[in-house]
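According to the numbering used here, the sequence shown is numbered sequentially starting from 12. The structure appears right after this line, and notes come after that.
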Amino acid sequence: MSIWKRKPLNQLLAEAEDSEKGLKKTLTAPGLVALGIGAIIGAGLFSITGLAASLNAGPAITISFLIAAFGCVFAGLCYAEFSSMIPVAGSAYTYSFATMGEFIAWIIGWDLVLEYAVGAATVSISWSRYLGKLLSSYGIHLSDAYMLSPFEGGIINLPAVFIVMLMSLILIRGTKESAFINGIIVLLKVSVVLIFIAVGWQYIRPENYTPYIPENTGKFGEFGFSGIIRAAAIVFFAYIGFDAVSTAAQEAKNPKRDMPIGILLSLAICTILYILFAHVMTGVVNYQAFAGKDGIAPVAVAVEAMGPVGANGMITPAYPWLNNAILLAILGGYSSVILVLLMGQSRVFFSMSKDGLLPKVFSEVHEKFRTPAKNNLLFMLIVSLFAAFIPARVVGEMTSIGTLFAFILVCLGVLIMRTKMPEAPRAFRTPFVPFVPIAGVLVCLFMMVFLPLDTWIRLIVWMMIGFDLYLFYGMKNSALNQGEFSLKNQKTVAGSGLAMVLILIIIAFIHHNDPNLDDIYLFYFSLAFSIIHAFVYGYNYKKS
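Set out below in structure tokens:
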């Protein structure tokens, strides 16, 4: 028995066909494309784009989207091969289990849980800001105390909590019903994007593109080349949609044909729309206008600048009705993003629980709705807490680093599968192997390096919590290994944990020595967390 034991491909396929105990198969190719667009359009376009433009890239945010899409193409091709080959819920977690073994699968599964949780939280926070904009246009002003986190001067973000709870309850009701609602919202959302591009194009002011690439401030990641790459890494989570499509593989009617279509077509459509949209947004208003609390709702700022400039220098919106119409559509569009992310998250947890790595209660399917209802309730609580109390910048960057990490492992998985199982049936084959997967790894790793160090600290802390769960629960309850493991396995996990402790301490000190940052609380938390875990992992390493 070994933590490196891979899950047999025939066992995975048998699980996919087990419709009696498994998830209900209701999704077709158009539904999967809509699912992908539902997750992709919104998260990057309507929320984090403004912050990335104002703090990192300026008008060159369009280049950042191109770079992010470049990395996505490689990862998307690898996802397409896996999803057609292993049509099982769980996405990168399942693929890693089949290629790199249980321990690596646990790491990527735990990463995906974080990725989807903070992704849904990021979008719900932006949803809250747009709701405030819409209500204020009708003379209803919600207090910032109940629309901002404590770290942003508020108390709790109640609208963000509300939308997370509502979407979770819809998911519990059923995948088919959720997909139908998502399809309607996607049509509305794409229409809004096209209207925004068409109307805004005529109000582009060329002076807003000067300079197109603002000069670096002297600080790494703030404009210039490093700013463009950092912005690409920050907005990367906007492309999480095709990852979310792959988590629904077990609910697809014909996954071998439809999964590649859903992944690649949704990615292609959204990349084109992203670049055009970002070009218009930074053309109608100067990128500096997206700084501050309204940066998380950049479309509202841009729409207000679409109109002629008067003699007094003030802009009169040419389409005052358009602002509220767009805000209403964005609120609906955001709802679909949250819906898809929460769905993907619960499906990963569902797969991990079925494998015995998490308590069985999380793989129980509701008798009537055939959905993992208890899963949805758990994440309704967790994501609500993130949305209520954590700033948008923090959760947005955490989503990006988690997504990039997942994509790297999927690309590596294709290389391993081609070597270990070259004859396994594949409805879709990634072209130009090994170039495509290797390029995917390098591009994603390159963007990860440009993310802020505090984001790396939070990722490592989350990974160490995952090591704790695997060491004390997952290894002992693994269905594949029937709860049996060797002392050598325990030594490997504990040793990996000690390596993470060392990395955390090094990054914490490097981050703390930056004179431009005030991180005293994060620094001391990192040290305390490291010391506690050094004893925990050290004790288990010695015992093994």
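Just so it is clear, CB atoms sit at the ideal spot from N, CA and C, and this is done for glycine as well.
Within the stretch 391-428, not a single complete beta strand (DSSP E) segment reaches 3 residues in length.
Shown here, I274 sits in a helix according to DSSP, grouped into three states.
For L88, the enclosing alpha helix (DSSP H) covers residues 72-96. Between the alpha carbons of I471 and L509 lies a gap of roughly 12 Å. Considering only Y141, V124, I280, S555, the residue with the shortest C-alpha distance to I48 is I280. F446 places its beta carbon 9 Å or farther from that of C83. With distances taken between CA atoms, F536 lies nearest to V512 out of V512, S364, D525, L389. By the neighbour-count criterion, in which a residue is buried when 16 or more other Cβ atoms sit within 10 angstroms of its Cβ, T414 is buried.
H523 has its alpha-carbon roughly 32 Å from the corresponding atom of F483.
In its chain, beyond the 5 residues on either side, G413, W473 have a beta carbon closer than 6 Å to the beta carbon of L125. Straight-line measurement puts the Cα of V452 at about 33 Å from the Cα of Q299. Judged by beta-carbon spacing, I181 lies within the 9 Å limit of L350, meaning their Cβ atoms are closer than that value. Taking L338 as reference, the option from K144, S277, G229 with the minimal CA-CA separation is K144. In terms of Cβ geometry, V394 and Y104 do not form a close pair [threshold 9 Å]. Take V296, set aside five residues on each side of it, and the residues of its chain with a beta-carbon closer than 7 Å to its own are N219, V312, A313, A316, in chain order. For the pair of segments examined, the stretch 221-234 was found not to touch the stretch 361-378: the number of CB pairs separated by less than 8 Å stays below three.
By the Cβ test, the stretch 105-115 is not in contact with the stretch 267-283, since fewer than three Cβ pairs between them sit closer than 8 Å.
Spatial neighbours of S364 in its own chain (CB-CB distance under 7 Å, excluding positions within 5 residues in sequence) are listed in chain order as P370, K371, F373, S374. Pairwise C-beta distances place the stretch 172-179 in contact with the stretch 123-143, as three or more of them are shorter than 8 Å.
Judged by beta-carbon spacing, L62 lies within the 9 Å limit of I245, meaning their Cβ atoms are closer than that value. Under the three-state reduction of DSSP, I224 is assigned to coil, being neither helix nor strand. Judged by beta-carbon spacing, N335 lies within the 9 Å limit of S148, meaning their Cβ atoms are closer than that value.
According to the DSSP assignment, S362 belongs to the alpha helix (DSSP H) that extends over 331-365.
Under the DSSP assignment, Y298 falls outside any alpha helix (DSSP H); it carries neither an H nor an E label. When only Cα atoms are considered, G344 and I196 end up about 6 Å apart. The Cβ neighbour count for S497, taken over all protein chains shown within 10 Å, is under 16; the residue is labelled exposed. When the Cα atoms are used, D479 and A539 turn out to be separated by approximately 16 Å.
Our two residues, V320 and S94, have alpha carbons roughly 52 Å apart in a direct line. Secondary structure at I215: coil, using DSSP grouped into helix, strand and coil. Contact annotation, L43 with I97: C-beta distance approximately 16 Å; criterion of less than 8 Å not satisfied. In this chain, the alpha helix (DSSP H) harbouring R469 covers 464-480. The DSSP-derived three-state label of V376 is coil. The residue from T282, L205, L169 with its alpha-carbon nearest to that of I401 is L169. Distance check between A438 and each of T430, V201, L456, L88 places L88 closest, using alpha-carbon atoms only.
Sixteen is the threshold: since fewer than 16 other Cβ atoms of the shown chains lie within 10 Å of the Cβ of I283, the residue is exposed.
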